[in-house]
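In UniProt numbering, the protein residues as written are 1 to 1218.
Yeah, the Cβ is synthetic: ideal placement off N, Cα and C, and Gly gets one too.
Quick caveat, the model's predicted, so the values are computed rather than measured.
Set out below in structure tokens:
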């Protein structure tokens, strides 16, 4: 029972609900619509990426899809929605669905009647189906496709400079769209104009001068020749005959007004029935001739013949029609060469290359005319005789005729036989068109008659090619003049572009002719000789497919192909290895195929039972052909090979046109061998067998058919498997930019011979190595050599080679080198050991000592090698000291500041900011009493000056608490300004600043800043405004909070009491003022302050104790030591400069720098920094590490060069004066 396949559909319920995919066959279109609808639903519902698949899974109604989903649920849920759709397409679409759509896209072209906008819209819709795949067209690729597949006028417009300059894709489409609208309007207007002209023409009798009985060379069966007769009828309008109905039906005529190419049908006919008195039968004979109206002369020998009607077409001579949709019929593109126009009685249409007028639709017409033509037996000259005579000369000339066949007129009786149907009417040739069966023989006879007296003595003629040879230059000048005079006398014209005169060598008839003689043209076999080296198993199969069909002629070929057969297996596809043996066999096969033993030549004078075969094929990127000669295709020998790449628009040709292009290229390539003789064309594209009978042709096909009509050929289908030679030529691999090397590449590592010599020389000066040699040169070794060892030292024995292969206690000598086991002994001399360390450490990436030692321990040996590497070489590496981050704990104990003696004696100041603008403030200044009695939080700006800062300090602190004895701060630009320093000098306040990049010095202000920022987070608004208004409340809350270090609130230490926060529930008791003892209150306050000092001292001790647990032992440095300075805090400054550097790639340590002053009791050191640095030179010990200097004696290559002496003119002048 047949079950009808139903396609799946999409049910979209809006963005609020998931789309539903019904049961049925899934297509790329419905899956794309489903994916887009799902994405809209996800965006509307804001569904997370991980929940998308589970959201739409219930919407798949197909049981098969659901079963697939549940089987792969674990994998599909983990991936994204895009992965889910990719898996869905892979499972339920055809394997090559994207290739099918891409092929459809590549085949799409704009017809002449198609709208450009509709065509492009369909292109983009098709391309959208490929979204997310590698086959999708980019805008650039889509533009290239439009430029090559639009109609002719738009393609020409797209190649102009103005359109090419348009870079935006949308603007490009709009420019072509506007031109397409104008094109379609003009096209419709021309059609209406042509229809009106045809409809308005009247039928008149044909002049008697043209009404002649014309026959073909071979009589036609079925009656006499037909002429154009006018039957005047007085009877009623006769009925249409069967032939007339067929004629009107094939030509788009009207059955009512009985006009061909009427453009309408009988139901809508505006003309009515024709006049019975003037009506004559549309069909009067069996020859294809035209009913001609008046012949109006335009100029001498040039006539315009308007079209009236087409007479009956016999089965042997069918009319050829080129559809009016082709742009070749565009009136503003017609032009004619004046030299040809006078020979024609009708206007023609030009060829863009040669400039002469051609009828593109003539090919099919002549193919049927040729079938009824008696062949002309005039022979073509022997190529062997031509070459033999040419070999006598030293100077040569080659002349090519221009429009050679058009220089011969058609006999007036045969002109009607060349009739061609066009949208403008019926036209006839008055000159010999290309493609006539006897055209080559007729032209050869005419050329022979013109040069009869000189052929064989100074020249030869082969169709439209003339070759002239001479012994001397003067003789050559006379011979050329003689030939040209003969051509002028017989009114034969030459092409200057294709004429070569006064040459010492020429290429003629497929041979290279020079004073040295005749040589074969290597172009016939260059495609084989240039075959690139195969790089895959498919390349080998393609090459072998080319050569195997000629294996019958070359018995020795099998022994070479047998070696290459091993590369055609499935195993070779996985692991393709090209060896020298394969390369030698490959080159041998190419030489055999191109040798005289294999190749042959075509004997045109004695074909006998031999035939000429042309095998053609085309691939996606190349065309190929093979010319063979022999009795049968199986036994034919190769003559020449051809292969040519497709380029530009040719890559976008449909398959049948690529196959046809291969045939055209072969005919052009081997024109000398094929013209004038019958041959068979083999193609694996069956539709080409009927190409000569094809009714509707594109412009390109019409040009090709007209070109091919000059050959006597037959296209025969051959299966692709039997067309291996041409298939191989069409798939010839392209040669890469770097030619492949036919050998197995190998990496060879050689030791430095100079270094080895230095090792051997080092044995003579290293005491330890000398002791090893002495131990080897013992009595056993001396006895093994013989009496020659008397008085010979161990060093001399080593140089003579007597210690080679000597082994004792694991120590041996090989090739003059000492070994401990398998490890080479390296003496201490020069830079030998440093070279080994450099290879193990510096070259391998500056790894640590363990990995560096592991790289050399199995190959080299000397005493204490590991210790020397770990303790001297690696630690002294300057690159490692600068670039490797520290892995140890921070060094140096915590040194808390001393506890102040009294309240407000020591204060800490710091800035918090920048902050968002609020009430014209963007920063906070905090002033903290280090004893914890007061805190000031003052809003300000970050761009205030030192003078404004002093004003704020005077107003907010001095007026409240008086002048402090010392101020602790960081190194802000305001605190280090000259004004601030001068103010402290006047007031007597001591300014204490923190060291560079060590905020722990000013710990109290840093802690206050953190507490303030934390409290402000609860008061700022969502737009981060209102923080300035909240500062008084934050200060009050802070002042009313017990400090963990002092054990008191700042209010208690500042005022001696706690503020009232909650109103009393009862009326407070009233005390007598006299009863309050002020002294007691003051004493209590002083007691609280002293207790706070004790608590603060205890807290600092505890803090130091716990902090020192996480710190490493301090390295104590002295004045004059060199240290490395950490760049941890400076990296951020470098990044903020905007020079696109990242901190990850910056050095970790800088230096070395010399210690200028040292305060080890407080872990503080002052360095001698360069003058260009703008950094405070005092640093905490945690930012320093000791610099380990290189041992210049052991490792001289790493030693720094001493700077060259400088000359100071001022000092020099002063010393001379003294």
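Can you grab the Cα-Cα spacing for the pair residue i / residue j, in whole Å?
| i | j | result |
| --- | --- | --- |
| residue 769 | residue 761 | 11 Å |
| residue 1168 | residue 1181 | 15 Å |
| residue 114 | residue 409 | 41 Å |
| residue 456 | residue 633 | 36 Å |
| residue 588 | residue 426 | 60 Å |
| residue 54 | residue 726 | 55 Å |
| residue 297 | residue 672 | Any answer about residue 297 is weak, because its pLDDT of 36 lies below 50 and its placement is not dependable; what the coordinates show is given next. Taking the straight line joining both Cα atoms gives about 41 Å. |
| residue 504 | residue 669 | 24 Å |
| residue 501 | residue 145 | 44 Å |
| residue 97 | residue 661 | 28 Å |
| residue 721 | residue 659 | 16 Å |
| residue 190 | residue 398 | 46 Å |
| residue 1049 | residue 1056 | 10 Å |
| residue 215 | residue 499 | In this prediction, residue 215 has a pLDDT of 33, which is less than 50 and means its spatial position is unreliable; what the coordinates show is noted afterwards. Cα to Cα, residue 215 sits roughly 39 Å from residue 499. |
| residue 490 | residue 407 | 10 Å |
| residue 954 | residue 888 | 46 Å |
| residue 846 | residue 880 | 7 Å |
| residue 635 | residue 240 | 57 Å |
| residue 23 | residue 61 | 6 Å |
Mind checking who residue i pairs with in its DSSP beta bridge?
| i | result |
| --- | --- |
| residue 465 | 400, 462 |
| residue 1158 | 1165 |
| residue 630 | 611 |
| residue 532 | Residue 532 pairs with nothing; no bridge assigned. |
| residue 921 | 918 |
| residue 1122 | 1154 |
| residue 517 | 514 |
| residue 812 | 807, 819 |
Applying the 10 Å Cβ sphere with the 16-neighbour rule, what's the burial state of residue i?
| i | result |
| --- | --- |
| residue 911 | buried |
| residue 717 | exposed |
| residue 48 | exposed |
| residue 723 | buried |
| residue 705 | buried |
| residue 444 | buried |
| residue 642 | buried |
| residue 757 | exposed |
| residue 1009 | buried |
| residue 180 | buried |
| residue 259 | buried |
| residue 237 | exposed |
| residue 64 | exposed |
So residue i and residue j are supposed to be a Cβ contact under 8 Å. How far apart are they, rounded?
| i | j | result |
| --- | --- | --- |
| residue 913 | residue 944 | Incorrect: roughly 11 Å between the Cβ atoms, too far for contact. |
| residue 922 | residue 1147 | The Cβ separation is near 35 Å, so there is no contact. |
| residue 1184 | residue 1098 | Not confirmed; about 31 Å, so no contact. |
| residue 684 | residue 617 | 6 Å |
| residue 1220 | residue 176 | Residue coverage of the chain in this structure runs from 1 to 1218, which leaves residue 1220 outside it and unanswerable. |
| residue 713 | residue 664 | In fact, because the Cβ distance is near 11 Å, the residues do not count as touching under 8 Å. |
| residue 479 | residue 458 | 4 Å |
| residue 1043 | residue 932 | 5 Å |
So that I know if they touch, is there some Cβ in chain C lying closer than 7 Å to that of residue i?
| i | result |
| --- | --- |
| residue 266 | No chain C is part of this structure, which consists of one protein chain only. |
Evaluate contact between the region 161-177 and the region 126-138, counting only Cβ atoms and requiring at least three cross-stretch pairs below 8 Å. They do not touch, by the three-pair rule.
Touching by the beta-carbon criterion (3+ pairs, under 8 Å), the region 384-394 and the region 608-628: The region 384-394, when compared against the region 608-628, does not touch it at the 8 Å Cβ threshold.
Answer yes if the region 774-788 comes into contact with the region 819-837, meaning at least three C-beta pairs across the two stretches below 8 Å, and no otherwise. No: the two stretches stay apart, fewer than three of their Cβ pairs being nearer than 8 Å.
Any 3 or more C-beta pairs closer than 8 Å across the region 958-971 and the region 898-905: Per the Cβ contact rule, the region 958-971 is in contact with the region 898-905 (3 or more Cβ pairs under 8 Å).
Is the number of C-beta pairs between the region 484-493 and the region 449-464 that are closer than 8 Å three or more? By the criterion of at least three beta-carbon pairs nearer than 8 Å, the region 484-493 is in contact with the region 449-464.
Pairs of beta-carbons, one from the region 853-861 and one from the region 821-834, closer than 8 Å: are there three or more? Using a Cβ-Cβ distance cut-off of 8 Å, the region 853-861 and the region 821-834 are in contact, since at least three pairs of beta carbons, one from each stretch, lie closer than that value.
Meets three-Cβ-pair contact criterion under 8 Å: the region 67-81 and the region 15-26: The region 15-26 and the region 67-81 do not touch, with fewer than three beta-carbon pairs separated by less than 8 Å.
Counting pairs of Cβ atoms below 8 Å between the region 532-548 and the region 578-586, do you hit three or more? Taking 8 Å as the limit for Cβ pairs, the verdict is that the region 578-586 does touch the region 532-548.
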